[in-house]
Each structure stands twice: as C-alpha cells, then as structure tokens.
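Residue numbers (our numbering): 192 to 519.
For each residue, glycine too, the CB sits at the ideal point set by N, CA and C.
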Amino acid sequence: MALHLLAEYGLYVMIRFDTFTTAIYDQFQSTFSGPAANMLAGVLALCCLAILLLESASRGKARYARIGAGAAREQKRLVLGKGAAFGAQLLLLLLVMLAMGVPLLVLCRWLWLGGIDNWLHADLWHSLRQTLLLGAGGALLTTVCAIPIAWLGVRYPRPLFRLLEGCNYITSSLPGIVTALALVTVTIHYARPVYQTEVTLFLAYLLMFMPRALINLRAGIAQAPVELENVARSLGRSPARALWSITMRLAAPGAAAGAALVFLGVSNELTATLLLSPLGTRTLSTGFWALTSEIDYVAAAPYALLMIVISLPLTAVLYMQSKKMAGL
Numbered sequence: 192m193a194l195h196l197l198a199e200y201g202l203y204v205m206i207r208f209d210t211f212t213t214a215i216y217d218q219f220q221s222t223f224s225g226p227a228a229n230m231l232a233g234v235l236a237l238c239c240l241a242i243l244l245l246e247s248a249s250r251g252k253a254r255y256a257r258i259g260a261g262a263a264r265e266q267k268r269l270v271l272g273k274g275a276a277f278g279a280q281l282l283l284l285l286l287v288m289l290a291m292g293v294p295l296l297v298l299c300r301w302l303w304l305g306g307i308d309n310w311l312h313a314d315l316w317h318s319l320r321q322t323l324l325l326g327a328g329g330a331l332l333t334t335v336c337a338i339p340i341a342w343l344g345v346r347y348p349r350p351l352f353r354l355l356e357g358c359n360y361i362t363s364s365l366p367g368i369v370t371a372l373a374l375v376t377v378t379i380h381y382a383r384p385v386y387q388t389e390v391t392l393f394l395a396y397l398l399m400f401m402p403r404a405l406i407n408l409r410a411g412i413a414q415a416p417v418e419l420e421n422v423a424r425s426l427g428r429s430p431a432r433a434l435w436s437i438t439m440r441l442a443a444p445g446a447a448a449g450a451a452l453v454f455l456g457v458s459n460e461l462t463a464t465l466l467l468s469p470l471g472t473r474t475l476s477t478g479f480w481a482l483t484s485e486i487d488y489v490a491a492a493p494y495a496l497l498m499i500v501i502s503l504p505l506t507a508v509l510y511m512q513s514k515k516m517a518g519l
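(1) How should Leu244 be labelled, buried or exposed, when 16 other C-beta atoms within 10 angstroms of its C-beta is the threshold for buried?
(2) Thinking C-alpha only, which one of Leu194, Val508, Met192 and Pro430 is nearest Ala451?
(3) In whole angstroms, what is the alpha-carbon distance linking Ala490 and Ile307?
(4) Spatial neighbours of Arg473 within its chain, please: CB distance less than 6 Å, with the 5 preceding and 5 following residues excluded, ordered by chain position.
(5) In the DSSP assignment, the alpha helix (DSSP H) including Ala198 goes from what residue to what residue?
(6) Alpha carbon to alpha carbon, what distance is there between Thr438 and Ile412?
(7) Could you compute how far the alpha carbon of Leu269 sits from the alpha carbon of Leu283?
(8) Between Gln387 and the rest of its own chain, which residues show a CB-CB distance below 6 Å, the 5 nearest in sequence each way excluded?
(9) Can you tell me whether Ser270 is helix, strand or coil according to DSSP?
(10) Express the C-alpha separation of Leu289 and Ala279 in angstroms, rounding to a whole number.
(11) If you compare alpha carbons, which of Tyr203, Ala198, Ile338 and Leu194 is closest to Ser484?
(12) Please classify His312: does DSSP put it in a helix, a strand, or coil?
(13) For Gly305, which residues from the same chain have a beta carbon less than 8 Å from its beta carbon, with the 5 sequence-adjacent residues on both sides left out?
(14) For Gln218, which three-state DSSP category applies?
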C-alpha cells in the first residue's frame, strides 16, 4: 500500500495534491529539467527501497508453518453478538457503497449529461483501439519473457537465479515515473533512434509488470511435475520442446492469469505512457487524464466507462481462476 501511494500520480493531480510524482512530471514537462527530475526520482526511489528494507526487517526470520510433531491446536471461534455482527455488516456495506456506489453514480450522471454525442468522437474509439493493442502486446511480451525466469527459479533454485528473480520485484516496486524517466535518459544519450517509440514503451511495461506474470507462472510451473519433462526428454524431445509441450500446457491457467493482470496494468498505466509513448498515441487512461485536467468531466465519462468495461472480462477470468486454485 505504501509503495502504491508513493507511485500514484493521477489521483494526486486531480485533487491538486503535490507529491514526488507530480513534482517529477512537472519538472520534466514544463522545463525538461533532466537533473532536477532525476534528483527527485532518486529520492523517490530511495524512499521505496527504504520501505522494502523496513518490511523485510519487520518480517525477520519468523516461520509461519508448524514443523514439530503432534496435532495442531484447535482454534477458538469468536462469536459476535447481534449488535457487533450488524455493525460489521453495516461497515462493509458502507465501504462497498463508497468504493463502488459513489463513483458509479457520478459516472452515470456524467454519461447522462453528455448524451449520445459523447460517443461520436473519433478520438474515443482510437483510444480504445490503441489501449487494446498496447495491452495485448504488453501482456504477450511480459508473459513470454517471464517464462524462462519462472522456469529457472522453480527447476534450479540457485542463488544466481533467485537474484535474477528478485531484481524483477525490486524494479517493479519503483514508481512508473522513475522507470520511465530512467528510460528517457538512457535512450536520449545512448539510443536516440528508439526514443519515444513503441520499443521503449514496451520495455517500460516489461520492467514494471514482470512480477504480475512471474508470480502466476511460477505457481503454475511448480505444480507441473518435473518427471514429465524428464520423460519427454528421454523420448527425444529437446528441453525447449519439452518445456513448451508439457510444462507450459499444465501451467497455461497461471500464464493466462498473469497475462490478464499485465493487460489490466498496461491499460490503466498513465505516467510511463505519458512520458514514453510516440507522438499521437492516446490511450483510454491518457485521454481520461487529459480531459479531466481540462475539467471536462462529461467528455471524460465515456473513457472511464470503457476502462471499466474492458476490465470486466479479465476480472471474471481472474475470479474463476482463483476459485479453481482454491478448489471451490
């Protein structure tokens, strides 16, 4: 939660609240001040690393699984009274109303005020098409690149491979604006031809959302017996073919869940897309941000609704996958 709040940008811009992310973007956008923006980004990165170190230190070396013999202690059930149960249910209902009811009601009001004319703008459907293309491309690239890292981490848990896997989690913990600013600096000085191209944008998505695919792939590959791969190799298949035809088929649900999470992340990403996307690129999130910056909430309503609509099928896939893994 702390890392997410440090990395948040769009919310703080809308409520006019100054943070590191808003200051970094303002420095980059208004004066193109590389040193000032890089200095702020460095401080923000140090804050994120400090939070990670604090979390690791607080967790310590404690174990959460019983390793001794004997029966597990029976847990006592705490029975709530009628008043406490009613209060808990009322609190949960209030939370749902604030989290979903209020935004949906406001969105419906904006859509009603805009009418049918709001849906006739060509920019809206152009933004939807580019969002789907970037989301699908980012999900495919990230999932494919996560396969060898997840496979090595499960099959060969050596320190080098653990370090390689851990670097992905550390990189993704950094705010998107820090990753984007680093790529801007590198491409301007050492790879000018790929500056503000799809190559740099997809590389940013890969660095930011790799753990979403990696965690799900790792769980899926861990559940695929290594003996099946060994049998396939003994029958003449190469290691790559055995991995693809045996292990990846068994890990396909985990790969699909990881790809869905990456797609959702890419379709909602704002700061990296603003800094790295080619000229003329407009996604649903950047279009919504641009219109809300102009206080034109009525015109921004269709963008918000489309972002919700494209996330519903993937959310359903993730929900069904979680139920299947839980055995429900």
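With the structure as the only source:
(1) Translated into positions along the sequence shown, residue 244 becomes position 53. Leu244 is exposed by the Cβ-count criterion.
(2) Start at 1 with the first residue of the sequence shown, and residue 451 comes out as number 260. Closest in C-alpha terms to Ala451, from the list Leu194, Val508, Met192 and Pro430, comes Val508.
(3) Within the sequence shown, the letter at position 299 stands for residue 490. Within the sequence shown, the letter at position 116 stands for residue 307. Cα to Cα, the separation comes out at about 11 Å.
(4) Taking the first residue of the sequence shown as 1, we reach residue 473 at position 282. Hits under 6 Å: Ser318.
(5) Stepping through the sequence shown from its first residue, residue 198 is reached at position 7. Going by DSSP, Ala198 is part of the alpha helix (DSSP H) stretching over Ala193 to Ala198.
(6) Along the sequence shown, read from residue 1 onward, the residue named residue 412 stands at position 221. Along the sequence shown, read from residue 1 onward, the residue named residue 438 stands at position 247. So the two alpha carbons sit approximately 6 Å from each other.
(7) As a working note, residue 269 is residue 78 in the sequence shown. As a working note, residue 283 is residue 92 in the sequence shown. Annotation: Leu269 to Leu283 spans about 19 Å, alpha carbon to alpha carbon.
(8) To locate residue 387, count along the sequence shown from 1; it is residue 196. Same-chain partners within the cutoff: Pro469.
(9) Along the sequence shown, one-based indexing puts residue 270 at 79. In the sequence on display, residue 270 carries Val and not Ser. The answer is coil: DSSP assigns Val270 none of H, G, I, E or B.
(10) As a first step, residue 279 is located in the sequence shown; it is residue number 88 there, counting from the start. As a first step, residue 289 is located in the sequence shown; it is residue number 98 there, counting from the start. Each residue's Cα considered, the two are about 15 Å apart.
(11) One-based indexing of the sequence shown puts residue 484 at position 293. Closest option to Ser484, Cα to Cα, is Tyr203.
(12) As a position in the sequence shown, residue 312 is number 121, starting the count at 1. Reduced to three states, the DSSP call for His312 is coil.
(13) Start at 1 with the first residue of the sequence shown, and residue 305 comes out as number 114. Excluding positions up to five away in sequence, the list reads Val489, Ala490, Ala492 and Pro493.
(14) Here residue 218 refers to the residue found at position 27 when the sequence shown is read from its first residue. Gln218 falls in the helix class under three-state DSSP.
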